[in-house]
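Beneath this line is the structure, given in structure tokens, with notes to follow.
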Amino acid sequence: MSFQVLEQTVHISCDDDATAQVVRANFAALPRARDSVWSDLDYTLARAPAGDGYVLRREGREPVLAEDLCELLFHLEKDLIIGLQWRRPELLYLHAAALECNGQAWLLAGDSGAGKSTTAWGLLHHGFRYLSDELSAVDLETMAVHAYPHALCLKRPPPGPYPFPAEQVIDLERTLHVPVAALPGSMADSPCPVGGLIFVRHDPARREPELRRLHAAEAGARAYVHTLNALAHSRHGMDVVVGLVKSVPCWSLAGADLGATCTLVQDLAHSRLPA
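Each residue of the sequence shown is one higher than the one before, starting from -13 at the first, in my numbering.
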């Protein structure tokens, strides 16, 4: 299959149907490109020669071995994101989900396991539209984020109260991947101006969620931790990160019950309608 992302053409060939089915479902929402078109990033996914595991190949890089489809997809996405950073270094890449509400993108940053994808899943039931669940590529001149609408990835089925489309989910045992077509709502137009940056941390001991507005100094320190390509920018990325958090309001979110957490974020987004 071939698709476009961040104005780059990506081609992925698979040597068996099971692998191809996972790859197609994961990237189905990205704009198609003709297979005959020259590609910027070209991948081959194949069974390992001994028949145990898989091999990921990209020209100019050493082959990567994976023991199962879960690990193979992880390495493919990791290499793709690194490749995009090399080809579009002027963008600022954050480890953050991106959802649109009222014409603005809301970025949800957090450590792995902090709850950003689960929160994104819940917010899609509150009228938000999907841009990405883990990669936010921000144009620093326009302060707009580009979409990376792969399948939403969860480590386990999310808590209620929202219905989960288990029959449509790609279950790779260690991870669950919800194709974009199975998500509630729709995809957002891209690029989308950033309306706010929220640092997410789920706290199972909390009874009620809490939002706290951040000053630029604290927001900058937090955002820098979640910046993937800081070294591609001058002064090790400090200037561009500070510029981002001075241009965009930032909050910390202590998440609790998913429904209450999403309602709190929804109220925030609706209170900050664009002028």
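Even for Gly, the Cβ is constructed at its ideal location relative to N, Cα and C.
What you are looking at is a predicted structure, and each value in this text was computed from that prediction instead of being measured.
For the beta strand (DSSP E) that contains residue -10, what are its first and last residues?
For this step, residue -10 is matched to residue 4 along the sequence shown. Residues -12 to -9.
Find the nearest neighbour of residue 145 within the set 190, -8 and 186, judged by alpha-carbon distance.
Indexing the sequence shown from 1 puts residue 145 at position 159. The shortest C-alpha separation from residue 145 is found at 190.
Residues of its chain near residue 216, where Cβ-Cβ distance is below 6 angstroms and the 5 sequence neighbours each way are ignored:
Within the sequence shown, the letter at position 230 stands for residue 216. Cβ neighbours of residue 216 beyond the five flanking positions: 222 and 223.
Residue from 91, 8 and 4 whose Cα sits closest to the Cα of residue 179:
Numbered from 1 along the sequence shown, position 193 holds the residue referred to as residue 179. The residue with the shortest Cα to Cα distance from residue 179 is 91.
If you draw a straight line from the alpha carbon of residue 273 to that of residue 138, how long is it in whole angstroms?
With the chain running from -13 to 261 in the structure shown, residue 273 is simply not present.
Would you say the region 152 to 161 touches the region 56 to 64, given that touching needs at least three Cβ pairs under 8 angstroms?
yes
Tell me the residue span of the alpha helix (DSSP H) that contains residue 13.
As a working mapping, residue 13 is identified with position 27 in the sequence shown. Counting along the chain, the alpha helix (DSSP H) containing residue 13 begins and ends at 3 to 13.
For residue 88, collect the residues of the same chain with a Cβ closer than 6 angstroms to its Cβ; drop the 5 residues on either side in sequence, then sort them by chain order.
Position 102 of the sequence shown, counting from 1, holds the residue named residue 88. Correct list, in chain order: 259.
Leaving out five residues on either side along the sequence, give the residues of the same chain with a beta carbon under 8 angstroms from the beta carbon of residue 99.
Here residue 99 refers to the residue found at position 113 of the sequence shown. Excluding positions up to five away in sequence, the list reads 141.
For residue 251 and residue 109, which I take to be in contact (beta-carbon distance under 8 angstroms), what is that distance rounded to the nearest angstrom?
Residue mapping note: residue 251 aligns to position 265 of the sequence shown, counting from 1. Residue mapping note: residue 109 aligns to position 123 of the sequence shown, counting from 1. The Cβ separation is near 6 angstroms, so the contact holds.
Excluding the 5 residues flanking residue 115 on each side, which residues of the same chain have their C-beta closer than 8 angstroms to its C-beta?
Looking up residue 115 in the sequence shown gives position 129. Excluding sequence neighbours, residue 115 sits near 85, 86, 87, 171, 172, 173 and 174.
Tell me, to the nearest whole angstrom, how far the beta carbon of residue 202 is from that of residue 228; I am working on the premise that it is less than 8 angstroms.
Here residue 202 is taken as the residue at index 216 of the sequence shown, counted from 1. Here residue 228 is taken as the residue at index 242 of the sequence shown, counted from 1. So it is a contact: roughly 7 angstroms between Cβ atoms.
Helix, strand or coil for residue 210, going by three-state DSSP, please let me know.
For this step, residue 210 is matched to residue 224 along the sequence shown. Helix at residue 210.
As a quick exercise: from 123, 253, -7 and -12, pick the residue whose alpha carbon is nearest that of residue 14.
Within the sequence shown, residue 14 is the residue found at index 28, counting from 1. Ranking the options by Cα distance to residue 14, first place goes to -12.
Please identify the residue among 61, 7 and 197 whose C-alpha is closest to the C-alpha of residue 267.
In this structure the chain extends from -13 to 261, so residue 267 is not present and cannot be described.
Which residue from 169, 96, 93 and 77 puts its Cα closest to that of residue 125?
Stepping through the sequence shown from its first residue, residue 125 is reached at position 139. Residue 77 is the option with its Cα nearest to residue 125.
Local conformation of residue 176 per DSSP, three classes:
Translated into positions along the sequence shown, residue 176 becomes position 190. Residue 176 falls in the coil class under three-state DSSP.
With a 10 Å radius around its C-beta and 16 neighbouring C-beta atoms as the bar for buried, classify residue 36 as buried or exposed.
Working through the sequence shown from its first residue, we reach residue 36 at position 50. That one is exposed.
According to DSSP, is residue 221 part of a helix, a strand, or is it coil?
Taking the first residue of the sequence shown as 1, we reach residue 221 at position 235. Residue state, collapsed to three classes: helix.
Given a cut-off of 8 angstroms on the beta-carbon distance, is the pair residue 107 and residue 182 in contact?
Counting from 1 along the sequence shown, the entry for residue 107 is found at position 121. Counting from 1 along the sequence shown, the entry for residue 182 is found at position 196. No; because the gap between Cβ atoms is not below 8 angstroms, this pair is not in contact.
Quick one: using the 10 Å Cβ neighbour count with 16 as the cut-off for buried, is residue 21 buried or exposed?
For the purposes of this step, residue 21 is taken as residue 35 along the sequence shown, with counting starting at 1. When all chains shown are included, residue 21 counts as exposed.
Compute the distance between the beta-carbons of residue 239 and residue 177, then report whether it is under 8 angstroms.
As a first step, residue 239 is located in the sequence shown; it is residue number 253 there, counting from the start. As a first step, residue 177 is located in the sequence shown; it is residue number 191 there, counting from the start. Not in contact: residue 239 and residue 177 (Cβ atoms no closer than 8 angstroms).
Between which residues of its own chain and residue 205 is the CB-CB distance below 6 angstroms, once the five residues before and five after are set aside?
Numbered from 1 along the sequence shown, position 219 holds the residue referred to as residue 205. If we look at residue 205 and ignore the five residues flanking it on each side, its Cβ neighbours are 231 and 236.
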